[in-house]
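The sequence shown begins at 1251 in the working numbering and counts up one residue at a time.
Beta carbons are placed, not taken as given, at the ideal position from N, Cα and C, and that holds for glycine.
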Amino acid sequence: MKIAIGLLMSALLLGCASAGPNEALPFLPMLAPPPPGTEEMRLTAAKTGKLVVEKGCVKIASGRYIETVLWHQGTELGRDASGLFLRETHTGQIVRFGATTTFGGGDLPEDYVARAYPELAQRCGPPYGSGWIGD
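(1) Out of Val1303, Pro1285 and Met1291, which one is the CA nearest neighbour of Ala1349?
(2) Is the CB-CB distance between Ser1380 and Gly1356 below 7 angstroms?
(3) Whole-angstrom Cβ separation of Pro1359 and Thr1318, contact assumed at under 8 angstroms?
(4) Looking at Phe1353 and Lys1346, is the spacing between their C-beta atoms short of 7 angstroms?
(5) So Phe1277 packs on Arg1365, CB below 8 angstroms; how close in whole Å?
(6) Check for me: the beta strand (DSSP E) holding Leu1358 runs from which residue to which?
(7) Over the uninterrupted alpha helix (DSSP H) stretch that includes Arg1373, give me the two end residues.
(8) Classify Lys1305 as buried or exposed, calling it buried when 16 or more other Cβ atoms lie within 10 Å of its own Cβ.
(9) Determine whether the beta carbon atoms of Gln1323 and Pro1283 lie at a separation below 7 angstroms.
(10) Output the boundary residues of the beta strand (DSSP E) element that contains Ala1295.
(11) Is the beta carbon of Leu1275 sitting closer than 7 angstroms to the one on Leu1327?
(12) Can you name, in chain order, every residue of its own chain whose Cβ lies under 8 angstroms from the Cβ of Asp1361, other than the five neighbours on each side?
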């Protein structure tokens, strides 16, 4: 009987541990989709850094430089038993928070973001860039 209770308690504890936290996901800033009939343009500069959460927003940190990134369509944020990650929906490629990775992207002018994405500018703050998960 004691063994059965011990196994039941172990199973319950493992179930709770693997369920993960129920906290909300951070804010993932996204670029607006391109207008109908046009194609999306992606800046091709390399950005190397770690995905972090600052002010509740997903950003890229490289040393002391932390940049708010507006992600291209097809990027999604998720959480699993290993923690937060970004996934490129077309390829399935996953990038984990805290791991140094190289992204595609480029810088975005602060005045452009303030005009085009005023809520994002107030919520996350500069500096800004665009980003995408590449090979």
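If we stick to the structure as given:
(1) In the sequence shown, counting from the first residue as 1, residue 1349 sits at position 99. The shortest CA-to-CA distance from Ala1349 to any of Val1303, Pro1285 and Met1291 is the one to Val1303.
(2) Counted from its first residue, the sequence shown places residue 1380 at position 130. Counted from its first residue, the sequence shown places residue 1356 at position 106. Taking the C-beta atoms as reference points, Gly1356 is found nearer than 7 angstroms to Ser1380.
(3) Start at 1 with the first residue of the sequence shown, and residue 1359 comes out as number 109. Start at 1 with the first residue of the sequence shown, and residue 1318 comes out as number 68. Not really, about 13 angstroms apart at Cβ, beyond 8 angstroms.
(4) The residue labelled residue 1346 in the question sits at position 96 within the sequence shown. The residue labelled residue 1353 in the question sits at position 103 within the sequence shown. Note that residue 1346 is Arg in the sequence shown here, rather than Lys. No, these two residues do not count as a Cβ contact at 7 angstroms.
(5) Along the sequence shown, one-based indexing puts residue 1277 at 27. Along the sequence shown, one-based indexing puts residue 1365 at 115. Contact between Phe1277 and Arg1365 is absent: CB atoms are separated by about 20 angstroms, not below the 8 angstroms threshold.
(6) Against the sequence shown, residue 1358 aligns to sequence position 108. Unbroken beta strand (DSSP E) run through Leu1358: Thr1350 to Leu1358.
(7) Locating residue 1373 in the sequence shown gives position 123, where the first residue counts as 1. That run of the alpha helix (DSSP H) goes Pro1368 to Cys1374.
(8) Here residue 1305 is taken as the residue at index 55 of the sequence shown, counted from 1. With fewer than 16 other beta carbons inside 10 angstroms of its own, Lys1305 counts as exposed.
(9) Stepping through the sequence shown from its first residue, residue 1323 is reached at position 73. Stepping through the sequence shown from its first residue, residue 1283 is reached at position 33. Closer than 7 angstroms, so yes.
(10) To locate residue 1295, count along the sequence shown from 1; it is residue 45. Membership of Ala1295 in the beta strand (DSSP E) is indicated by the continuous run Ala1295 to Glu1304.
(11) Here residue 1275 refers to the residue found at position 25 of the sequence shown. Here residue 1327 refers to the residue found at position 77 of the sequence shown. Result yes, Cβ atoms of Leu1275 and Leu1327 sit closer than 7 angstroms.
(12) Walking along the sequence shown from the start, residue 1361 turns up at place 111. Around Asp1361: no qualifying Cβ.
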